[in-house]
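Engineer: Position 157 (the sequence shown) corresponds to 157 in the UniProt record's numbering; numbering is contiguous.
Note that beta-carbon positions come from the ideal geometry of N, C-alpha and C, so glycine has one too.
Note that the structure is predicted; figures quoted are calculated from it, not measured.
Mind looking over this structure? Questions follow.
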Amino acid sequence: MLLLSLAFAAMAVAQNASTSLTPATTTAFDAGVPTDAPIPGDYNGQWRPQVHFSPPTNFMNDPNGCFLDGNGTWHLYYQYNPTATVAGNQHWGHATSKDLYTWQNEKIAIFATPDSQIFSGSIVIDTNNTSGFFPNQTDGVVAIYTLNTAAEQTQEIAYSFDGGYTFTNYTSNPVLRASPPSNQFRDPKVIWYEDHWVMVIAYSQEFVIGIFTSPDLKEWTHASNFTSHGLLGLQYECPNLVSMPVLGGDSMWLMAISINPGAPLGGSITEYFPGTFNGTHFEAVDAAARIADFGKDSYAGQFFYGLPEEADPVFIAWSSNWQYAQQVPTGPQEGWRSAMGLPRRSYLVNNATRTGWALISVPYDLTPILLPSPLITNSSLGNSTLLADYSSVSSGALYFRVNVTNLPPLAQATGTLNFTFSSSSTRESVSGGFYFSGDNPFWLSRQNVLGFSQTNPFFTDKFSVGNVLNPDGTFTLEGVIDRSILEVFLDGGRNSATATFYPEGVLDTVEVRTSGINEETVVAVEVWGLKSTWAEQASEDGIVYGNVGSSASGNATQVVRRKM
Numbered sequence: 001m002l003l004l005s006l007a008f009a010a011m012a013v014a015q016n017a018s019t020s021l022t023p024a025t026t027t028a029f030d031a032g033v034p035t036d037a038p039i040p041g042d043y044n045g046q047w048r049p050q051v052h053f054s055p056p057t058n059f060m061n062d063p064n065g066c067f068l069d070g071n072g073t074w075h076l077y078y079q080y081n082p083t084a085t086v087a088g089n090q091h092w093g094h095a096t097s098k099d100l101y102t103w104q105n106e107k108i109a110i111f112a113t114p115d116s117q118i119f120s121g122s123i124v125i126d127t128n129n130t131s132g133f134f135p136n137q138t139d140g141v142v143a144i145y146t147l148n149t150a151a152e153q154t155q156e157i158a159y160s161f162d163g164g165y166t167f168t169n170y171t172s173n174p175v176l177r178a179s180p181p182s183n184q185f186r187d188p189k190v191i192w193y194e195d196h197w198v199m200v201i202a203y204s205q206e207f208v209i210g211i212f213t214s215p216d217l218k219e220w221t222h223a224s225n226f227t228s229h230g231l232l233g234l235q236y237e238c239p240n241l242v243s244m245p246v247l248g249g250d251s252m253w254l255m256a257i258s259i260n261p262g263a264p265l266g267g268s269i270t271e272y273f274p275g276t277f278n279g280t281h282f283e284a285v286d287a288a289a290r291i292a293d294f295g296k297d298s299y300a301g302q303f304f305y306g307l308p309e310e311a312d313p314v315f316i317a318w319s320s321n322w323q324y325a326q327q328v329p330t331g332p333q334e335g336w337r338s339a340m341g342l343p344r345r346s347y348l349v350n351n352a353t354r355t356g357w358a359l360i361s362v363p364y365d366l367t368p369i370l371l372p373s374p375l376i377t378n379s380s381l382g383n384s385t386l387l388a389d390y391s392s393v394s395s396g397a398l399y400f401r402v403n404v405t406n407l408p409p410l411a412q413a414t415g416t417l418n419f420t421f422s423s424s425s426t427r428e429s430v431s432g433g434f435y436f437s438g439d440n441p442f443w444l445s446r447q448n449v450l451g452f453s454q455t456n457p458f459f460t461d462k463f464s465v466g467n468v469l470n471p472d473g474t475f476t477l478e479g480v481i482d483r484s485i486l487e488v489f490l491d492g493g494r495n496s497a498t499a500t501f502y503p504e505g506v507l508d509t510v511e512v513r514t515s516g517i518n519e520e521t522v523v524a525v526e527v528w529g530l531k532s533t534w535a536e537q538a539s540e541d542g543i544v545y546g547n548v549g550s551s552a553s554g555n556a557t558q559v560v561r562r563k564m
């Protein structure tokens, strides 16, 4: 490992080249891409998520540059092709939010050029002006990203005086390049550690995460490598390094790495490694491969920069899979492809006697989007069925929670818990369930959905995980269904899954059913409708124009209706 570390130390060197790039805020090379206003979007489609972020039009993939500014505004940048519903012509799209659900589309932040694309990266706030870009402010924003050309991938920086809305490229880019040049060197994630900047970056097809340090974001020195851990797949991508609170303890560090292809279910997935970090070297606690999401539609996630030290880290991922992301039917039928997953509050737990370290992921506070009263509740379901029509929920989005208590010890527990979301017109459905006996498997199925789900050979239709029951005799399930995406969180977030689906009919009925459970076991269910976060932004013509000023978008409160 030492020899490999030394080898890669020689491979990457900081650069202060004399070439000057066109500032990122000048005119886009494609005349069809606006530079002075956000791209308008129609969020009325049958499959359009209403509480998950999706781009106004065309193709989106990895979240980039996620940060929380000093005014309490969350910034989400993302890999964006504004001219087609497939990947390519990569820009950095931009959206902002006060609650992580109600997103406002902003102007494109960083533009591609005729011979280069803006690949994934991160953003930091240069509070101490280490870069020298911000002599008169303490909230200067610096983006660190991969510039992709036909010849190589290099690491560039761009700075913003206005809080991350417009950027100017550093004239001495690139700040980091591989030597010899490489087209598999990408996705820098930068954090502040005590008195210096730290970058983690993927030598993607070498299965190496390089760790670099810098005093000023311009000059980078190789410090170490994290190499060949976990599932390798074809390549490593989109690394993250974050300090993570531990339930009942202090804190640990966590390295997250996305791989594609090579996931157990095929295509792309994110894995994570708890460990220690001393400012230059990361060491995992063990060699185990831990998966962040056991579904098939969560990839390239990023933790937000700039949260208060006492806050739990917040994570957001791309909800798709490279095996079919560029074929899903939302492209030809509605003019957009891909959504982000729910924002997830995260921390670590350690059950040393059974499952070891686990990343807990739960939805960020849903209060801002819950409708005033629940759709249905039942505090003691017993062995019966709860059924509700939710066609009156105009968003088509629901939050549901099941709390099971008084379970007997594992050897005596019996019965099943199942839920189904179905269409009264086509009888299509997505469903899931849990077995309280045996290995306690939980399963999800999108098998009973017509069209794309049945014709694409890579669209795996079932997922499952073994979920160990709590010794205190409890089990929880919560989730969000949002027109064409379902996310579930088991046992307080110890396991989570994301699945997309594209039904021909509108899902409008929810059913929760228990069978064969022990007499003393109590099952409580609640289902809430969620409001559309796009409806309140829509103009009278139904279009969301984004942050264009005080009058262009209007302030009409228009319901975003589903096609029935």
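Using 7 Å as the threshold, is the C-beta distance between Ser131 and Leu68 below it?
Structural biologist: Within the sequence shown, the letter at position 131 stands for residue 131. Within the sequence shown, the letter at position 68 stands for residue 68. No, Cβ-Cβ distance for Ser131 and Leu68 is not below 7 Å.
Engineer: Between Ser120 and Arg186, how many whole angstroms is the CB-CB distance? I'm expecting something under 8 Å.
Structural biologist: For the purposes of this step, residue 120 is taken as residue 120 along the sequence shown, with counting starting at 1. For the purposes of this step, residue 186 is taken as residue 186 along the sequence shown, with counting starting at 1. Indeed, because the Cβ distance is near 7 Å, the residues count as touching under 8 Å.
Engineer: Measuring alpha carbon to alpha carbon, tell me which of Tyr399, Asn418 and Leu359 ends up nearest Ser384.
Structural biologist: As a first step, residue 384 must be located in the sequence shown, where it is residue number 384. Among Tyr399, Asn418 and Leu359, the Cα nearest to that of Ser384 is on Asn418.
Engineer: Around the C-beta of Pro49, are 16 or more other C-beta atoms found within 10 angstroms, so that it is buried, or is it exposed?
Structural biologist: Position 49 of the sequence shown holds residue 49. So Pro49 counts as buried.
Engineer: Examine chain C for any beta-carbon lying closer than 7 Å to the beta-carbon of Pro374, and answer yes or no.
Structural biologist: Among the chains of the structure shown, chain C does not appear; only one protein chain is present.
Engineer: Which of the three DSSP states, helix, strand or coil, is assigned to Ser453?
Structural biologist: On the sequence shown, position 453 is the one that residue 453 refers to. Note: Ser453 maps to helix in three-state DSSP.
Engineer: Considering only C-alpha positions, which residue in the set Leu232, Ala524, Ala87 and Leu530 is nearest to Ser379?
Structural biologist: Taking the first residue of the sequence shown as position 1, residue 379 is located at position 379. The candidate whose alpha carbon is nearest that of Ser379 is Ala524.
Engineer: Taking DSSP as the reference, what is the three-state secondary structure of Asp491?
Structural biologist: If you number the sequence shown from 1, residue 491 lands on position 491. If DSSP states are grouped into helix, strand and coil, Asp491 belongs with the helices.
Engineer: Look at Asn44 and Gly529 and say whether their C-beta atoms are less than 7 Å apart.
Structural biologist: Stepping through the sequence shown from its first residue, residue 44 is reached at position 44. Stepping through the sequence shown from its first residue, residue 529 is reached at position 529. Against a cut-off of 7 Å, the Cβ pair of Gly529 and Asn44 comes out as no contact.
Engineer: Could you compute how far the alpha carbon of Thr420 sits from the alpha carbon of Tyr80?
Structural biologist: Mapped onto the sequence shown, residue 420 falls at position 420. Mapped onto the sequence shown, residue 80 falls at position 80. Each residue's alpha carbon lies about 34 Å from the other.
Engineer: Measuring only the C-alpha atoms, how far is Trp357 from Leu247?
Structural biologist: For the purposes of this step, residue 357 is taken as residue 357 along the sequence shown, with counting starting at 1. For the purposes of this step, residue 247 is taken as residue 247 along the sequence shown, with counting starting at 1. Cα to Cα, the separation comes out at about 11 Å.
Engineer: Thinking just about the alpha-carbon of each residue, which of Ser243, Ile157, Ala411 and Ala413 is nearest to the one in Pro188?
Structural biologist: Locating residue 188 in the sequence shown gives position 188, counting from the first residue. The option with the nearest alpha carbon to Pro188 is Ile157.
Engineer: Please state the DSSP three-state secondary structure of Ser116.
Structural biologist: One-based indexing of the sequence shown puts residue 116 at position 116. Correct three-state label for Ser116: strand.
Engineer: Check whether the stretch 213-231 and the stretch 279-289 are in contact - that is, three or more C-beta pairs closer than 8 Å.
Structural biologist: Result yes; three or more Cβ-Cβ pairs closer than 8 Å.
Engineer: Go ahead and label Glu310 buried or exposed: buried means 16 or more other beta carbons lie within 10 angstroms of its beta carbon, across all protein chains shown.
Structural biologist: As a working note, residue 310 is residue 310 in the sequence shown. It is exposed - the Cβ of Glu310 has fewer than 16 other Cβ atoms within 10 Å.
Engineer: Less than 7 Å between the beta carbons of Ser268 and Asp297, yes or no?
Structural biologist: Position 268 of the sequence shown, counted from the first residue, corresponds to residue 268. Position 297 of the sequence shown, counted from the first residue, corresponds to residue 297. Taking 7 Å as the Cβ cut-off, Ser268 and Asp297 do not qualify as a contacting pair.
Engineer: Can you give me the C-alpha to C-alpha distance between Trp443 and Phe303, rounded to a whole angstrom?
Structural biologist: Translated into positions along the sequence shown, residue 443 becomes position 443. Translated into positions along the sequence shown, residue 303 becomes position 303. Cα to Cα, Trp443 sits roughly 27 Å from Phe303.
Engineer: Looking only at its own chain, which residues have a Cβ that is under 7 Å from the Cβ of Thr25, when we skip the five neighbours before and after it?
Structural biologist: Here the question's residue 25 lines up with position 25 in the sequence shown. Note that Thr25 scores 48 on pLDDT, short of 50, meaning its location in the model is unreliable; the coordinates nonetheless yield the value given after this. Closer than 7 Å at the Cβ level, and outside the excluded window around Thr25, lie Thr166, Phe167 and Thr168.
Engineer: Do you know how far the Cα of Thr455 is from the Cα of Ile144?
Structural biologist: Residue numbering aside, residue 144 sits at position 144 when the sequence shown is read from its first letter. Residue numbering aside, residue 455 sits at position 455 when the sequence shown is read from its first letter. If you take the alpha carbons of Ile144 and Thr455, they lie about 40 Å apart.
Engineer: Taking the straight line between their C-alpha atoms, what separation do you get for Tyr193 and Gly479?
Structural biologist: For this step, residue 193 is matched to residue 193 along the sequence shown. For this step, residue 479 is matched to residue 479 along the sequence shown. Roughly 35 Å between the two C-alpha positions.
Engineer: Could you please give me the residues that DSSP links to Tyr159 through a beta bridge?
Structural biologist: Position 159 of the sequence shown, counted from the first residue, corresponds to residue 159. Answer by DSSP bridge pairing, in chain order: Val142 and Thr168.
Engineer: Pro332 by DSSP, collapsed to three states: which one?
Structural biologist: Translated into positions along the sequence shown, residue 332 becomes position 332. In this structure, Pro332 counts as helix in the three-state DSSP scheme.
Engineer: Exposed or buried, what is Asn128 when buried is set at 16 or more other beta-carbons lying within 10 Å of its beta-carbon?
Structural biologist: Locating residue 128 in the sequence shown gives position 128, where the first residue counts as 1. Asn128 is exposed by the Cβ-count criterion.
Engineer: Sort out for me which residues DSSP pairs Lys189 with in a bridge.
Structural biologist: To locate residue 189, count along the sequence shown from 1; it is residue 189. Paired residue(s): Val200.
Engineer: Would you mind sorting Tyr545 into buried or exposed? The rule is 16 or more other CB atoms within 10 Å of its CB.
Structural biologist: Residue mapping note: residue 545 aligns to position 545 of the sequence shown, counting from 1. Tyr545 is buried by the Cβ-count criterion.
Engineer: If you reduce the DSSP assignment to three classes, tell me which class Gln517 lands in.
Structural biologist: As a first step, residue 517 is located in the sequence shown; it is residue number 517 there, counting from the start. The sequence shown places Ile at residue 517, not Gln. Of the three classes helix, strand and coil, the one that applies to Ile517 here is coil, per DSSP.
Engineer: Once you ignore the five residues that flank Thr22 on each side, which residues in its own chain have a CB closer than 6 Å to its CB?
Structural biologist: Position 22 of the sequence shown, counting from 1, holds the residue named residue 22. Below a pLDDT of 50, predicted positions are generally treated as unreliable, and Thr22, at 39, falls in that range; no measurement from the model is reported.
Engineer: Hey, how far is the Cα of Leu147 from the Cα of Lys107?
Structural biologist: Residue mapping note: residue 147 aligns to position 147 of the sequence shown, counting from 1. Residue mapping note: residue 107 aligns to position 107 of the sequence shown, counting from 1. So the alpha carbons of these two residues sit roughly 20 Å apart.
Engineer: With respect to the beta strand (DSSP E) encompassing Thr416, which residues constitute its N-terminal and C-terminal limits?
Structural biologist: Start at 1 with the first residue of the sequence shown, and residue 416 comes out as number 416. Thr416 -> beta strand (DSSP E) spans Thr416 to Ser422.
Engineer: Would you please state the rounded distance, in angstroms, between the beta carbons of Thr509 and Ser422? I believe it to be under 8 Å.
Structural biologist: Counting from one through the sequence shown, the residue named residue 509 turns up at place 509. Counting from one through the sequence shown, the residue named residue 422 turns up at place 422. Confirmed, Cβ separation roughly 5 Å.
Engineer: Should the stretch 368-376 be called in touch with the stretch 529-540, which here means at least 3 C-beta pairs below 8 Å?
Structural biologist: Enough Cβ pairs lie closer than 8 Å, so yes.
Engineer: Take the Cβ of Ser346 as the centre, count every other Cβ of all protein chains shown within 10 Å, and call the residue buried at 16 or more, exposed below.
Structural biologist: On the sequence shown, residue 346 is found 346 positions in, with the first residue counted as 1. Buried.
Engineer: Let me make sure I understand the geometry here. Which of Thr500, Leu348, Asp139 and Gln184 has the alpha-carbon closest to that of Thr149?
Structural biologist: Locating residue 149 in the sequence shown gives position 149, counting from the first residue. Nearest option by C-alpha distance: Gln184.
Engineer: Name the DSSP beta bridge partners of Asp541, please?
Structural biologist: As a working mapping, residue 541 is identified with position 541 in the sequence shown. None; Asp541 has no bridge partner.
Engineer: Taking the straight line between their C-alpha atoms, what separation do you get for Asn448 and Ala325?
Structural biologist: To locate residue 448, count along the sequence shown from 1; it is residue 448. To locate residue 325, count along the sequence shown from 1; it is residue 325. If you take the alpha carbons of Asn448 and Ala325, they lie about 20 Å apart.
Engineer: Spatial neighbours of Met199 within its chain, please: CB distance less than 6 Å, with the 5 preceding and 5 following residues excluded, ordered by chain position.
Structural biologist: By one-based count along the sequence shown, residue 199 stands at place 199. If we look at Met199 and ignore the five residues flanking it on each side, its Cβ neighbours are Pro188, Val190 and Phe212.
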